[in-house]
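Protein chains in written order, with this note's numbering: chain A, 1457 to 1735; chain B, 857 to 1160; chain C, 8 to 445.
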C-alpha cells in the first residue's frame, strides 16, 4: 500500500520538522527579537518582528564603559585562537608518544591521562587560582591559555591516540628504513594524516574556550580584557534596567562565530564526535 | 646516508618523554600539584589575604554536621544529574532511531537537532532560557493556550530546577549524533534475521539495538554524568547568582564558587571540592564495574 | 632527528612568548595598578555599583574632574550591585584592586582585612572635611583610622504608592503609626484592591536592624565588636512577618523572588501592584521616574524606643591600601564631596550630599520628588534629637550573613521550616559566620 507508506513517511517528516522547529524556537526567538524595538520584545509573542530596527546592534556594540564589543570579540578570538594552537600542538605531541612510542611507565602515564579526562575541575580550581595569583597572572590571559599549551584537555589526547592507531604502521616502518627518526616520522607521516583529528580538536577547542564563562569570570575583571561572554553577562543586570535589545543583539552576534565554524566544518564535527564515541 | 640514531623497536624513552614534556609539566603543575595543595587547603582556613591557618578536619566536620546548604546542594546536584542525563540520552536515542530510517534530508535534520548542543553552553542562551520561563514568559504563554496556568518557574524553589533540566535535555544533539553513528554500525542482517524469526519492534530494540549500542551508551553515560556534575553557567544565570530561590539553583559548583570567591573561605571550598571528587569517583567506578554486566562489545565477548 | 623536534618546541615557545608579550603589557599594568608616565600623568582606577543611569552621571562627574585636573586620568568600572562585591573581593585578593571604590555598611569587613587606605595624612590638605557633619566623618573612622568618606546620606522610610491608597479609598497613615497598624493597613489594601494586589513587600531581611534598634538592640555592636542581639530578640520579627503573610496583604514568596523590591525594572511598587515597602530615601527619585503613580515617603512604624531610623551614610568612598597614588585618591574624594559642579551632576542618586553647602545648593533647585526626600531626611534628623539611635554598620561576613537571612526568610515563606526552627538555625548560622570573620 504505497499510499499508506507515503502518509506514514509524510507524517514522520512532519513530526521531525515540527519537533525541530520547537527545538530551535529559543534560538529563533533570540535572533528575531534582537530586531524588535525594546517595548515589543516581551509583549508580543509572535516571532516575526512587526517593526524592524537595527538600533540594538548599534547600541549594544558600544559595549561597557567605552570599551566596545569589538574589543570583546577580539579578546575572545585571541584567547580561542591561542587555545586552539596550544591544544593542537601539545595534544598531538603527547598522543604520538602514547600511540607510537615504547617507553618506560607508558601504561602508568596512559592510565593517569585517562583518569584526568574524568577529573572534575573543582579540585584544582582553588590552588590554580592561588598559583596564578602568586605569579601575578590574574587579569591576564595566561590562566586561560596556558593549560592548553600543556595538553591539559586530555580528552583530545585520547581522541588523537584513537585516530593515530588507525594509521597503518607500515608507513612508519618504510620511513624508518629511509632513515627517519621518530620525530621525523611524526612530522612527515603522522601529522599530515592526523589532520582530520587536528581539525576536530581545533573546532571543539575553539567552541569550548569561546563559551568558557566560569574561568573568564574568575580571572578577568578589567573591562578592556573582557570576553564576549563576560560582556553579555554584564549587560544583564538582574537588579536594574537591562537594555534587552542590546543584550539580545550582542548575544545573537556572540553565537555567530561558533555557528559559522560549525557550518563550514560540519563534516569534521559530526564525524569527530562519532569517532570518539565509538572507540 | 644518515645513521639511525634510535632503534625503531625497543625503548624510545628520550624521544617519548620529550614529546610528553608539555603534558607532564601540565600534569604536575596544573593537576597533581593543585590536587595535593587543595587537600592541604581543605584542612585550613584561608581567605587569600592572609596566610592559611591550620584547622585540621574542622571544615569537613562542619560540612557534614552543620551545613544545610551543603546537603541541599548535593541533593539538588544529584537530582539534576539523575534526571537530566537519562532523559537526555533517552531523547537522543529515540530521535537517532527515528532519523536512522533512511529519511531524505537526514543531514539537515541532524544539523538542526545539533544546534542546541552547539549553542547551549553560552551565557546568551542561559539568559534567553531564564526569560522564556518567567512567570509571564513564553513557556507559560504557550501553556495558557491549553488552559494550563504554569507556575512562576524561575521564582519558585520547587520548579526552577526543571528549567535547568530542560535546558540540559534540549542539548541532546551531541549524544544523538554519536548514537546515529553507532546505529549505522549495527549490521542490518541482524534485524533481517530476527524479522524472519518473527520478532516485533520492541523485541528487536531490546534484543539487538540496545546490546549493540551498549558501548556507545556507556561512553555517553560517563561523559554526560561527569559533565552534569560540574554544571555552573545555567545555575548562575537562571538563578540569582547566589543559588536562590531557597538554594534551588545552588548547584554544587556554584556553592563551591560562592564559598571560595564570594565569602572568601578557600579552605572550605577546597574541602567541598574533594568531597565532590570522591563522589564522582565512586559513581564512575560503579558505572565501570557494572559495565561488565551490560556492556556488550560484539564478537560474542561479554565484558571488557 | 632531534633538530626538527627541538625546532618545533622552540617555535611553539616563541609563539607563546610573543602572544604573552601581547598580553604581558596588560599583565604588567595590573601589577602596578596604575601608571605614571614621564610628564607626571597619573591614572586611577575607580569602581562603583549601580545601573546604567548611575554610571552615566558618574562618568559625567569624572569628566568634569578630569577637566579640572588634567594630569589625572580616571578609568571607571562598574558592576551591578549583585556582582560588585564578588568582583571587588577577587581583585583585592589578587592585589589588583582599583585605587578607589565604593563601599556601603559593609566597610567593616574591609577595614578588618586591612585593605583600606588610611586617609588621615591627607585630611586638611588634599582632603577637606570641614563642610561635613562630624558624625558623618566619624562614620568612616574605624579602628581609630579614617578609612571611608561618606558620599551620600540617606534615611530609610516606608515608600507609599499613594495612587493605590486613593484607589482603595484608604487615608494615608499617620506618622506615628505602629507595626500593628502596618499589618492591618496592608491587609486592608489587599482586600480592597482585590486579587493580584498587595499591601506591602516582605522586608524581614532589610528591616532587621531597624526592628532591633527599636528595642534597644542592633545587628552589630561596632563599639564592642560583637553581635548586638540574641535569638529571642529577632524571633518576634520573623513571627510578625509570618503572621502578616498568613492574614494576607504581603507579597507572596514567589513574587518576592521574581519581582525583587529593589529592582527598578520589576518592582511591584512601580507596576502598581504593591502599595508599600521599605526604601532608602535616595532611591525614591529613581522609582518615581518610572511610574506615573505618586510615591511618597512615610516614617517607619514605631516600636518601643522609636523608629530606629537614623540619617546616616548610604555609601562612601574608600581607597585601596596598596594604591600608588594616595594623594590623587584624596584629591578625587575631596572633589566628590565638596565640588559644587560635582554635586549638581551627582544629585541625590547616592544620597543627599554630605556637606551642608552642597545640600543647600541642591535644595534650591529641588523638584517635587527631591522635596519629599529632603523633608523626610530633615524629619529623621529632628526625630533623632529626641530619640537617638546608633548608626548602622553591617556585621562582618555580611555577604554570607545576608544570604543566610534571605534563605531563612524563604524557608519560612515556602513552608519548609517552622518559624522557631528557622530562627534557631538562622541565629546559630549567624554566630558561626560572625566568629569565622573576626
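Don't be surprised by glycine CBs; every beta carbon is placed ideally from N, CA and C.
From a predicted model like this one, the values you see are computed outputs, not experimental measurements.
Taking C-beta pairs closer than 7 Å, name the residues in chain B that residue i reaches, listed in chain order.
i	result
residue 442 of chain C	Per Cβ cutoff of 7 Å: no residues; residue 442 of chain C is ~11 Å from chain B at best.
residue 120 of chain C	905
residue 421 of chain C	1013 and 1102
residue 410 of chain C	1098
residue 1603 of chain A	882 and 886
Mind pulling the chain A residues with CB within less than 9 Å of residue i?
i	result
residue 988 of chain B	1481, 1482 and 1485
residue 967 of chain B	1718, 1719, 1722 and 1726
residue 103 of chain C	1592, 1594, 1595, 1677 and 1678
residue 869 of chain B	1557, 1558, 1559 and 1560
Over what stretch of residues does the beta strand (DSSP E) that includes residue i continue unbroken?
i	result
residue 207 of chain C	205-207
residue 61 of chain C	Element bounds for residue 61 of chain C: not the beta strand (DSSP E) but the alpha helix (DSSP H), 59-75.
residue 323 of chain C	319-326
residue 110 of chain C	107-110
Which bits of chain C does residue i rub up against, with CB to CB less than 8 Å?
i	result
residue 1685 of chain A	Neighbours of residue 1685 of chain A on chain C: none; closest Cβ ~14 Å, over 8 Å.
residue 1740 of chain A	Absent from the model: residue 1740 of chain A. The displayed extent of chain A is 1457 to 1735, so no value can be given.
residue 1120 of chain B	96 and 100
Could you give the residue range of the alpha helix (DSSP H) that holds residue i?
i	result
residue 1494 of chain A	1494-1497
residue 1478 of chain A	1458-1489
residue 151 of chain C	Per DSSP, residue 151 of chain C belongs to no alpha helix (DSSP H) and is neither H nor E.
residue 1524 of chain A	Run containing residue 1524 of chain A: none; DSSP gives neither H nor E here.
residue 972 of chain B	962-975
residue 83 of chain C	It is not in any alpha helix (DSSP H) - residue 83 of chain C instead sits in the beta strand (DSSP E) that spans 79-86.
residue 1025 of chain B	1016-1026
residue 870 of chain B	869-882
Chain F beta carbons: is any one of them nearer than 7 Å to that of residue i?
i	result
residue 48 of chain C	Included in the structure are the protein chains A, B and C, with no chain F among them.
Give the residues of chain A in contact with residue i, contact being defined as C-beta atoms less than 7 Å apart.
i	result
residue 94 of chain C	1677
residue 98 of chain C	1677
residue 1116 of chain B	1582
residue 284 of chain C	Those within 7 Å of residue 284 of chain C in chain A number zero; the least Cβ separation is about 14 Å.
What does residue i reach in chain A if we use C-beta pairs closer than 8 Å?
i	result
residue 446 of chain C	The shown model of chain C, from 8 to 445, leaves out residue 446 of chain C, and the question about it has no answer.
Just to make sure I have the definition right: I need the residues of chain C whose C-beta is within less than 7 Å of the C-beta of residue i. Which are they?
i	result
residue 1008 of chain B	261 and 265
Could you list which residues in chain B have their beta carbon closer than 9 Å to that of residue i, in chain order?
i	result
residue 432 of chain C	924
Show which residues of chain B have a CB atom less than 8 Å away from the CB atom of residue i.
i	result
residue 1715 of chain A	971, 974 and 975
TODO: Closer than 9 Å, Cβ to Cβ, to anything on chain A: give me those residues from the stretch 71-92 of chain C, in chain order.
DONE: 82, 83, 84, 85, 86, 87, 88, 89 and 90
TODO: Closer than 7 Å, Cβ to Cβ, to anything on chain B: give me those residues from the stretch 146-168 of chain C, in chain order.
DONE: none
Open item on the list: Ignoring anything shorter than 4 residues, give me the alpha helix (DSSP H) runs that lie fully in the stretch 1059-1114 of chain B, in order along the chain.
Closed with: 1066-1085, 1089-1094 and 1108-1113
- [ ] Can you give me, in chain order, the residues of the stretch 900-924 of chain B that have a beta carbon less than 9 Å from any beta carbon in chain C?
- [x] 901, 903, 904, 905, 906, 918, 922 and 924
Open item on the list: What are the residues in the stretch 1574-1594 of chain A lying within 7 Å of chain C by C-beta distance?
Closed with: 1589, 1592, 1593 and 1594
Open item on the list: Tell me whether the stretch 1576-1591 of chain A and the stretch 1521-1535 of chain A touch, counting them as touching only if at least three CB pairs, one residue from each stretch, are closer than 8 Å.
Closed with: no
- [ ] Return the chain-ordered ranges of every alpha helix (DSSP H) run that is complete within the stretch 338-424 of chain C and spans a minimum of 4 residues.
- [x] 347-353, 363-371, 375-393 and 405-420
Open item on the list: Between the stretch 406-419 of chain C and the stretch 869-879 of chain B, can you find at least three pairs of beta-carbon atoms closer than 8 Å?
Closed with: no
TODO: Check whether the stretch 1016-1032 of chain B touches the stretch 968-975 of chain B, taking contact to mean three or more Cβ pairs, one atom from each stretch, closer than 8 Å.
DONE: yes
Task: Contact residues within the stretch 1543-1555 of chain A, judged by C-beta distance below 7 Å to chain B - done: 1546, 1549, 1550, 1552 and 1553
TODO: Check whether the stretch 258-277 of chain C touches the stretch 137-144 of chain C, counting contact only when three or more Cβ pairs, one atom from each stretch, lie closer than 8 Å.
DONE: no
Open item on the list: Quick check: the stretch 1096-1114 of chain B against the stretch 1056-1073 of chain B, are at least 3 beta-carbon pairs closer than 8 Å?
Closed with: no
Open item on the list: Please list, in chain order, the residues of the stretch 1085-1099 of chain B that have any C-beta partner in chain C closer than 9 Å.
Closed with: 1096, 1097, 1098 and 1099
TODO: Flag this pair as touching only if the stretch 151-167 of chain C and the stretch 315-328 of chain C have three or more C-beta atom pairs under 8 Å; answer yes or no.
DONE: yes
TODO: Please determine if the stretch 1596-1609 of chain A and the stretch 901-921 of chain B are in contact, where contact requires at least 3 C-beta pairs separated by less than 8 Å.
DONE: no
- [ ] Kindly provide the ranges of any alpha helix (DSSP H) runs that are 4 or more residues long and lie completely inside the stretch 114-175 of chain C, ordered along the chain.
- [x] 114-119, 141-146 and 169-175
Open item on the list: Count Cβ pairs between the stretch 78-90 of chain C and the stretch 371-378 of chain C that sit closer than 8 Å; are there 3 or more?
Closed with: no
Open item on the list: Tell me whether the stretch 322-329 of chain C and the stretch 99-117 of chain C touch, counting them as touching only if at least three CB pairs, one residue from each stretch, are closer than 8 Å.
Closed with: yes
Open item on the list: Assess contact between the stretch 1634-1643 of chain A and the stretch 1655-1665 of chain A, defined as three or more Cβ pairs (one per stretch) separated by less than 8 Å. Is contact present?
Closed with: no
Open item on the list: Please list, in chain order, the residues of the stretch 1659-1674 of chain A that have any C-beta partner in chain B closer than 9 Å.
Closed with: 1663, 1664, 1666, 1667, 1668, 1669, 1670, 1673 and 1674
- [ ] Name, going along the chain, the residues of the stretch 1511-1524 of chain A whose beta-carbon falls closer than 7 Å to a beta-carbon of chain C.
- [x] 1521
Open item on the list: If we require 4 or more residues per run, which alpha helix (DSSP H) segments fall completely within the stretch 232-257 of chain C?
Closed with: 238-254
Open item on the list: Which residues of the stretch 372-406 of chain C have a Cβ closer than 9 Å to any Cβ of chain B? Give them in chain order.
Closed with: 404 and 406
- [ ] Mind checking the stretch 1636-1660 of chain A against chain B and listing, in chain order, the residues whose C-beta falls within less than 7 Å of any C-beta there?
- [x] 1637, 1638 and 1639
Open item on the list: Quick check: the stretch 301-317 of chain C against the stretch 383-393 of chain C, are at least 3 beta-carbon pairs closer than 8 Å?
Closed with: yes
Task: 4 or more residues per run - each alpha helix (DSSP H) lying fully within the stretch 1542-1630 of chain A - done: 1562-1573, 1578-1590, 1598-1605 and 1610-1621
- [ ] May I ask you to verify whether the stretch 1460-1477 of chain A touches the stretch 952-966 of chain B, counting CB pairs closer than 8 Å and requiring at least 3?
- [x] yes
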